[in-house]
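Only one structure is covered here, and it is reproduced in the block below.
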Amino acid sequence: MKGVQRLTKASLLAALGVSVALSGCSQESASGGSDGNAGGGNGPKVKLVFWSHQAEAFNDNYKKMIDSYMKAHPNVEISYQSFPYDVYNQKLKASFSAQNPPDIAEVFGTWVPEYSKNGLLSEVPGGEEAGKAYYEAPLGGFKWDGKLYG
3 MKGVQRLTKA SLLAALGVSV ALSGCSQESA SGGSDGNAGG GNGPKVKLVF
53 WSHQAEAFND NYKKMIDSYM KAHPNVEISY QSFPYDVYNQ KLKASFSAQN
103 PPDIAEVFGT WVPEYSKNGL LSEVPGGEEA GKAYYEAPLG GFKWDGKLYG
């Protein structure tokens, strides 16, 4: 990965509290510049790194979503890693400082203001539509300066 990359996501998870969607990726992927539009597997090989904190229920579901996504997009390979909660945020911050963040990361709503104001997260594409599909309370933590981030 070159330079500090922004994490993006193309859609919200049904449970927005985990704020990661597998259909998004950084503006430049680890594969050397893909825009993240996997297109059902017809494009070039894309390798992504996905990080989250360790929580069995989340991890099991993330693995199922990853497997499902890779099955639907055979040109996409997602390497999933989870970390103990008490060190996860520090590890994520260190990865940005080293200019080597994951392509996809679980970001908690309480972290969004800090990461967004420092330019480390991108606005959620279609965030206005997501605002219509979900209650304001779950979305509130993922907003910064009136825009939905993740």
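Just add 2 to the spot in the sequence shown (first one is 1) and you have the numbering used here. For glycine and all other residues, C-beta sits at the position ideal for the given N, C-alpha and C.
Nearest neighbour of residue i, chosen from the options [CA to CA]
i      : options               : result
Glu116 : Val89, Leu94, Asn102  : Leu94
Val2   : Asn63, Asp105, Gly129 : Residue 2 lies beyond the range of the chain shown here (3 to 152); nothing can be said about it.
His75  : Tyr82, Pro46, Ala100  : Pro46
Val48  : Ile80, Pro86, Trp113  : Ile80
Glu58  : Ser84, Gly133, Gly128 : Ser84
Terminal residues of the alpha helix (DSSP H) in which residue i lies
i      : result
Phe60  : 58-74
Ser54  : Counting along the chain, Ser54 falls outside any alpha helix (DSSP H), though it belongs to the beta strand (DSSP E) covering 48-55.
Pro104 : Neither: Pro104 is in no alpha helix (DSSP H) and is coded neither H nor E.
Tyr117 : 114-119
Cβ separation of residue i and residue j, assumed to be a contact under 8 Å, to the nearest whole Å
i      : j      : result
Gly121 : Gly143 : About 19 Å separates the two Cβ atoms, so there is no contact after all.
Tyr82  : Ile68  : 6 Å
Pro103 : Gln56  : Actually they are not in contact, since the Cβ atoms of Pro103 and Gln56 sit about 19 Å apart, beyond 8 Å.
Helix, strand or coil at residue i according to DSSP, with G and I counted as helix
i      : result
Val89  : helix
Ser124 : coil
Tyr82  : strand
Tyr137 : coil
Own chain residues within Cβ distance below 7 Å of residue i, not counting five before or after
i      : result
Glu125 : Lys149, Leu150, Tyr151
Residues near residue i by beta carbon distance below 6 Å, same chain, minus five either side
i      : result
Trp146 : Val114, Pro115, Ser118
Asn61  : Ser84
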